[in-house]
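Everything below concerns the one structure shown next.
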Amino acid sequence: MAEIKDPENTLIMETTQGEVIIEMLPDLAPGHVARIKELAREGAYDGVVFHRVIEGFMAQTGDVKFGKSDGPSFDPRRAGMGGSDKGNLKAEFSNMNHSRGTCSMARAQDPNSANSQFFICFDDAGFLNRQYTVWGQVTSGMDNVDKIKRGEPVVDPDKIVSMKVAADAKA
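Mapping to UniProt numbering: the sequence shown position 171 is 171, numbers consecutive.
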């Protein structure tokens, strides 16, 4: 496991392909980091599928309503259309580059519509800069992200087994 410098701002995401460590960036996107931590602490991301995975671009997940594989509203055909029951977030755009391993919030047409969904970039996606909120960076396990099954939608998708704030993880 990678060295964790700031457990309160580090996520341990266990996927069906293995562990991924994400360093969150609260100085860059405090509202988005707070939401991700809140949902992780509620267990909202546990069991959520990677519903949109595009080779050379990104892996998207985080639909805690329609994408939670063991949830009451799970619907693979609608995964990607839902969010949490919490309000949408105001954009926190920055000059941070969407490079390999960048974690950024998915949203609808409205820049202030991010809620729970996020994506991890496979490669540089600088065309997204200043249009999507970057909130984290994969520091370990990008090889596991690379193994996530591709598709739009994904047939028999990989999922987040569990996602925890490192400060809360049991040793």
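Don't be surprised by glycine CBs; every beta carbon is placed ideally from N, CA and C.
Alpha helix (DSSP H) containing residue i: first to last residue?
i: residue 145; result: 142–146
i: residue 41; result: 30–42
Take residue i and list the residues in its own chain whose beta-carbon comes closer than 7 Å to its own, dropping the five residues that flank it on each side.
i: residue 17; result: 144, 147, 148 and 158
i: residue 31; result: 89, 90 and 92
i: residue 141; result: 18, 19, 20 and 21
i: residue 39; result: 45, 64, 84 and 116
i: residue 58; result: 119, 120, 121, 122 and 125
Just checking my contact of residue i with residue j at CB under 8 Å: how many whole Å lie between their CB atoms?
i: residue 25; j: residue 135; result: 6 Å
Which same chain residues end up closer than 8 Å to residue i when comparing Cβ atoms and leaving out the 5 residues on each side of it in sequence?
i: residue 137; result: 22, 23, 25, 101, 102 and 103
Among all the DSSP beta bridges, which residues are the ones paired with residue i?
i: residue 68; result: 48
i: residue 137; result: 23 and 102
i: residue 60; result: 52 and 119
Flag this pair as yes or no: are the beta carbons of residue i and residue j separated by less than 8 Å?
i: residue 97; j: residue 126; result: yes
i: residue 113; j: residue 64; result: no
i: residue 106; j: residue 122; result: no
i: residue 180; j: residue 37; result: The requested residue 180 is not part of the displayed model; the chain covers only 1 to 171.
i: residue 153; j: residue 79; result: yes
Would you give the residue range spanned by the beta strand (DSSP E) that residue i belongs to?
i: residue 161; result: 160–165
i: residue 20; result: 18–24
i: residue 14; result: 10–15
Here's a check: name, in chain order, each residue in its chain whose Cβ is nearer than 6 Å to the Cβ of residue i, leaving out the five neighbours to either side.
i: residue 60; result: 52, 106 and 119
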